[in-house]
Amino acid sequence: MSERDTFQVLLVEDSQLDAKLVTHLLEAVRSPRFHVRRAERLSDAVQMLSQHDFDVILLDLMMPDCNGLEGLERLSADAPDLPIIVLTGVNDEAVALEALRGGAEDYLVKDEAISDALLVRSIRYGVERKRAELEIRRLNTELEERVARRTAQLRTSEERYRNVVEGQTELIVRWLPDGTHTFVNDAYCRYFGKTPEELLGTSFFPWMSSDEGHSTLQNRIALISVDNPVARGEHKGVGPDGETRWQRWTERGIFDAEGKLLELQSVGQDITEQRLTEEALRRAERLASIGTMAAGIAHEINNPIAAVLNAAEAAMRFKDDPDAKHLLERCLDNVVRSAHRCRLIVENVLKFSRQEPTERSLADINTVVRDARLSALPHAERENATIDLQLADDLPPVWINELEIEQVLTNLIDNASRSADSPIHVVVRTARRKGGIRISVEDDGPGMTVEQRQRAFDPFYSTRQKQGGTGLGLSIAHGIVEGHGGKIEIADDTDRGTTVTVDLPIDVEDGKID
138 MSERDTFQVL
148 LVEDSQLDAK
158 LVTHLLEAVR
168 SPRFHVRRAE
178 RLSDAVQMLS
188 QHDFDVILLD
198 LMMPDCNGLE
208 GLERLSADAP
218 DLPIIVLTGV
228 NDEAVALEAL
238 RGGAEDYLVK
248 DEAISDALLV
258 RSIRYGVERK
268 RAELEIRRLN
278 TELEERVARR
288 TAQLRTSEER
298 YRNVVEGQTE
308 LIVRWLPDGT
318 HTFVNDAYCR
328 YFGKTPEELL
338 GTSFFPWMSS
348 DEGHSTLQNR
358 IALISVDNPV
368 ARGEHKGVGP
378 DGETRWQRWT
388 ERGIFDAEGK
398 LLELQSVGQD
408 ITEQRLTEEA
418 LRRAERLASI
428 GTMAAGIAHE
438 INNPIAAVLN
448 AAEAAMRFKD
458 DPDAKHLLER
468 CLDNVVRSAH
478 RCRLIVENVL
488 KFSRQEPTER
498 SLADINTVVR
508 DARLSALPHA
518 ERENATIDLQ
528 LADDLPPVWI
538 NELEIEQVLT
548 NLIDNASRSA
558 DSPIHVVVRT
568 ARRKGGIRIS
578 VEDDGPGMTV
588 EQRQRAFDPF
598 YSTRQKQGGT
608 GLGLSIAHGI
618 VEGHGGKIEI
628 ADDTDRGTTV
638 TVDLPIDVED
648 GKID
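In the working numbering, the protein residues as written are 138 to 651.
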């Protein structure tokens, strides 16, 4: 049996009879095991907390040396990381609310808690919640410390970068279209650690680290003309120190009287530090997003897991009772539904994180919209919502994965149908727009706040968590639409319900599309 299967319990109870009943109840449980230490006074409890490690505190509010919520306040201050469950004979809802606001994990009446073993479940859930809270707090603290350290390093790098740029003049070079140096300034020579004699007459193309970079530069230069004499770009290559360096250049063409490109003059600067800074910032952002995702998954999956544990414990208690068949069936049904809930959350997380290309084909978007309406219709009818289609004629086909786009539209229609407690009217429209097709899903509900619109596509953000929303639907839809080269947006106008638009590009290379 692991340490996590044994709970160290501090029972703060002055009544010997009540203490005996609670101790007998807990120590009779086979799994998990409970080891109970009793304190008859609040002062004894404070002393025992300094001498022993506990997992949970059971507190009677009425003690010889304290009264009411004073004991809860004192123990919460002395042991902020321990869950405290108030176990009292006072069945007072106002006192219960005050206790919960004061930091108690639960408020149980002794007769009820002891008679039906509610106390055992409350302890397990309270301890697990507190452990999860502490672990998330630890992870967030560690992440904040890492981000703070990295931010300090980035500030140092940015300051060093500014000093480098401000402390030197720009690199200036003139060269022939084949890359041959014809002029170099002192800063250019210092940068490459060469003398003018070593550079003039040689090509700088070998400095580039890849044929791709060389080809990109030549393509950019090919666009320079008398009417468009300036081009800009970035080059990557290996510097004199053997390290990869990045430079940003502005090229200006020099032409003869007939418009022929004779020479180019380039002004450049080293942007290696900037590149490294940007890459470090991206890594820091990824770390932060991982922390947010981990906390969201833990939060979302905790409820169905708790439901599974509750149902399984109930089933174990009544498994040998021949009259408890119906109860066992309900417990098993709860386990199955909660397991399906966990699987749905995991599948949505995988869909959200998956960035693999999917098979696509030319499809009629109006057909996809009709299929999405059919998929969403049963749920809409349960919500007393109506769905109308206003589809444009003669729309060109689009290059999409039909199932993915149908999934996006079904999700948008479902969200619109559930946007209010009263009956909702949903209108889905299609229209041709420049370069693509627009699908809009509009409802006449209460609309969205500014914060809701800004966070609608964030993972695990949901305004329907109590109704089972995972907060991943719009995140997945956003990824699917962007993966198709499109765009999904929520209109700013909150006076007329909510309108979500999906813009999909038309594959102009296909001969069937004009």
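Cβ coordinates follow ideal geometry from the N, Cα and C atoms, glycine included.
{"Asked": "May I have the straight-line CA-CA distance separating Val637 from Gly208, to the nearest angstrom?", "Found": "53 Å"}
{"Asked": "So Ser577 is in the beta strand (DSSP E); what residue range does that whole segment cover?", "Found": "Gly573 to Asp580"}
{"Asked": "DSSP three-state label for Ile114, please.", "Found": "Shown here, the chain extends from 138 to 651; a query on residue 114 therefore has no answer."}
{"Asked": "Hey, is the segment 522 to 537 in contact with the segment 565 to 577, meaning 3+ C-beta pairs nearer than 8 Å?", "Found": "yes"}
{"Asked": "Hey, how far is the Cα of Ala614 from the Cα of Glu335?", "Found": "58 Å"}
{"Asked": "Who are Cys203's beta bridge partners in DSSP?", "Found": "Met200"}
{"Asked": "Looking at C-alpha atoms only, which residue of Leu291, Asp151 and Asn356 is the closest neighbour of Glu415?", "Found": "Leu291"}
{"Asked": "Can you list, in chain order, the residues of its chain with a C-beta nearer than 7 Å to that of Leu360? Leave out the 5 residues immediately preceding and following it.", "Found": "Ala368"}
{"Asked": "What separation, rounded to the nearest whole angstrom, lies between the Cα atoms of Ile627 and Thr635?", "Found": "7 Å"}
{"Asked": "Just the C-alpha distance for Trp386 and His621, rounded to the nearest angstrom, thanks.", "Found": "33 Å"}
{"Asked": "Where Ala652 and Arg480 are concerned, what is the direct C-alpha to C-alpha distance, given to the nearest angstrom?", "Found": "Nothing can be reported for residue 652: it is not among the residues displayed for the chain, which extend from 138 to 651."}
{"Asked": "So for Gly374, helix, strand or coil by DSSP?", "Found": "strand"}
{"Asked": "In angstroms with no decimal places, state the Cα-to-Cα distance between Ala417 and Arg287.", "Found": "8 Å"}
{"Asked": "Could you give the first and the last residue of the continuous beta strand (DSSP E) run that contains Phe662?", "Found": "Outside the displayed range of the chain (138 to 651) lies residue 662, so it cannot be described from this structure."}
{"Asked": "Out of Ser475, Val264, Pro314 and Val310, which one is the CA nearest neighbour of Gly405?", "Found": "Val310"}
{"Asked": "Measuring only the C-alpha atoms, how far is Ala394 from Arg382?", "Found": "37 Å"}
{"Asked": "Rounding to the nearest angstrom, what Cα-Cα distance links Pro560 and Asp581 in this structure?", "Found": "9 Å"}
{"Asked": "DSSP state of Phe408, grouped into three classes?", "Found": "Looking at the sequence shown, residue 408 is not Phe but Ile. The answer is coil: DSSP assigns Ile408 none of H, G, I, E or B."}
{"Asked": "Quick one: what's got a C-beta closer than 6 Å to Thr523's C-beta in the same chain, skipping five residues either side?", "Found": "His562"}
{"Asked": "Please classify Lys456: does DSSP put it in a helix, a strand, or coil?", "Found": "coil"}
{"Asked": "Count the other C-beta atoms from every protein chain shown that fall within 10 angstroms of the C-beta of Gly608, then say buried if there are 16 or more, exposed otherwise.", "Found": "With a pLDDT of 47 at Gly608, under the threshold of 50, the modelled position of this residue cannot be trusted; read the value that follows with caution. Buried, because 16 or more other Cβ atoms sit within 10 Å of the Cβ of Gly608."}
{"Asked": "With a cut-off of 8 Å, do at least 3 Cβ pairs link the segment 504 to 511 to the segment 461 to 480?", "Found": "no"}
{"Asked": "I'd like the span of the alpha helix (DSSP H) that includes Thr143, first residue to last.", "Found": "Run containing Thr143: none in the alpha helix (DSSP H); it sits in the beta strand (DSSP E), Thr143 to Val149."}
{"Asked": "Run through DSSP, which three-state label would Arg174 get?", "Found": "strand"}
{"Asked": "Thinking Ile194 and Leu147 are a contact (beta carbons under 8 Å), I'd like their distance in whole angstroms, please.", "Found": "5 Å"}
{"Asked": "Thinking C-alpha only, which one of Gly370, Glu400 and Glu588 is nearest Asp125?", "Found": "Past the boundaries of the shown model lies residue 125; the chain is included only from 138 to 651, so the question cannot be answered."}
{"Asked": "Just checking my contact of Ile85 with Val535 at CB under 8 Å: how many whole Å lie between their CB atoms?", "Found": "Past the edges of the chain, shown from 138 to 651, lies residue 85, and the structure says nothing about it."}
{"Asked": "Taking 7 Å as the threshold (C-beta atoms), are Pro333 and Leu398 in contact?", "Found": "no"}
{"Asked": "Where do the ends of the beta strand (DSSP E) carrying Leu224 lie?", "Found": "Ile221 to Thr225"}
{"Asked": "Between the C-alpha atoms of Ser152 and Asn228, what's the straight-line distance to the nearest angstrom?", "Found": "17 Å"}
{"Asked": "Where does Thr319 sit, in a helix, a strand or coil, going by DSSP?", "Found": "strand"}
{"Asked": "Is any heavy atom in the ligand SAH found nearer than 6 Å to the beta carbon of Asp323?", "Found": "For the structure depicted, the ligand SAH is absent and the ligand set is empty, with no information on it obtainable."}
{"Asked": "Give a yes or no on whether the C-beta atoms belonging to Thr567 and Ile617 are separated by under 7 Å.", "Found": "no"}
{"Asked": "Could you tell me whether the Cβ atoms of Phe191 and Phe171 are closer together than 7 Å?", "Found": "no"}
{"Asked": "How far does the alpha helix (DSSP H) with Thr636 in it extend, from its first residue to its last?", "Found": "From DSSP, Thr636 is part of no alpha helix (DSSP H) but of the beta strand (DSSP E) over Thr635 to Pro642."}
{"Asked": "Note down the Cα distance separating Arg238 from Glu541, rounded to an integer number of angstroms.", "Found": "45 Å"}
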